[in-house]
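**Student:**
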Amino acid sequence: MGAIRAIVQKINEDGSIEAYETSINELSDYYLHLDCNLFDLVYWTINGVEVSAYCDDEGMLKSGNYGRYLLNERGVRLIPIFGNIIVVGMADEEGETLSLDSRIECKDVMKATETYAHIYGVCHATLITK
60 MGAIRAIVQK INEDGSIEAY ETSINELSDY YLHLDCNLFD LVYWTINGVE VSAYCDDEGM
120 LKSGNYGRYL LNERGVRLIP IFGNIIVVGM ADEEGETLSL DSRIECKDVM KATETYAHIY
180 GVCHATLITK
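Per the working numbering, the very first residue in the sequence shown carries number 60; after that it's consecutive.
1. Using a Cβ-Cβ cut-off of 7 angstroms, state whether Leu157 counts as contacting chain B.
2. What does the Cβ neighbour count give for Leu120, buried or exposed, with the cut at 16 atoms within 10 Å?
3. Helix, strand or coil for Gly154? Go by DSSP, reduced to three states.
4. Is Leu159 helix, strand or coil when you go by DSSP?
5. In the DSSP assignment, the alpha helix (DSSP H) including Leu93 goes from what residue to what residue?
6. Assuming Val101 and Ile138 form a contact by the criterion Cβ under 8 angstroms, report the distance between their Cβ atoms to the nearest whole angstrom.
7. Looking at C-alpha atoms only, which residue of Glu152, Ala112, Asn106 is the closest neighbour of Lys166?
8. Which residues in the same chain have their Cβ closer than 6 angstroms to the Cβ of Ala65, if we skip the five residues on either side of it in sequence?
9. Pull up the DSSP beta-bridge partners for Cys49, would you.
10. If you count every other CB in all the chains shown that lies within 10 Å of the CB of Tyr128, and 16 or more means buried, which is it?
11. Closer than 6 angstroms by C-beta to Asn131: which residues in its own chain qualify, once you throw out the five before and the five after it? Chain order, please.
Encoded structure:
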């Protein structure tokens, strides 16, 4: 696979959420940016552009990860997620992931998610063990 353009939305240790652009060159880059061992792939639309979002499948089990929703074009909550996400293009007819469309910027990814804090007054998920 050649390098593809991607945007990562990351939850920092201080609880802040940021988005940054990066290149994905190989499978290990997904694990590195997601900071996980397992991930899911969901399909989403941002500003009329279909995208793929790789999501931390373990995010709900990690203390301090903010719960967020992926929003549709009208702001309707679609998919609950926890942890970091990587936004890339859709797959081609051979199943290869394509670069993220140049019309999508970091600010677009930030606008297309909503934290649970805005909805329920909860800032993040906390894993409770006994």
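Backbone N, C-alpha and C define an ideal beta-carbon position, used for all residues, glycine too.
Here the structure is a predicted model, which means the values were calculated and not measured.
**Tutor:** Here's the rundown:
1. Protein chain content of the structure displayed is limited to a single chain, and chain B is not contained in it.
2. For the purposes of this step, residue 120 is taken as residue 61 along the sequence shown, with counting starting at 1. With fewer than 16 other CB atoms across the displayed protein chains lying within 10 angstroms of its CB, Leu120 is exposed.
3. Along the sequence shown, one-based indexing puts residue 154 at 95. Coil.
4. Taking the sequence shown and counting its residues from 1, the one referred to as residue 159 is at position 100. Coil.
5. By one-based count along the sequence shown, residue 93 stands at place 34. Judged by DSSP secondary structure, Leu93 falls within the alpha helix (DSSP H) whose first and last residues are 86 to 93.
6. Within the sequence shown, the letter at position 42 stands for residue 101. Within the sequence shown, the letter at position 79 stands for residue 138. About 6 angstroms separates the two Cβ atoms, so the contact holds.
7. Taking the first residue of the sequence shown as position 1, residue 166 is located at position 107. When each option's Cα is compared against that of Lys166, the closest is Asn106.
8. Start at 1 with the first residue of the sequence shown, and residue 65 comes out as number 6. Counting only Cβ-Cβ distances below 6 angstroms, and skipping sequence neighbours, we find Thr81, Ile83, Ile145, Val147, Leu159.
9. Residue 49 lies beyond the stretch modelled for the chain, which goes from 60 to 189, so this question has no answer here.
10. Taking the sequence shown and counting its residues from 1, the one referred to as residue 128 is at position 69. The residue is buried, with at least 16 neighbouring Cβ atoms inside 10 Å.
11. Against the sequence shown, residue 131 aligns to sequence position 72. Correct list, in chain order: Leu137.
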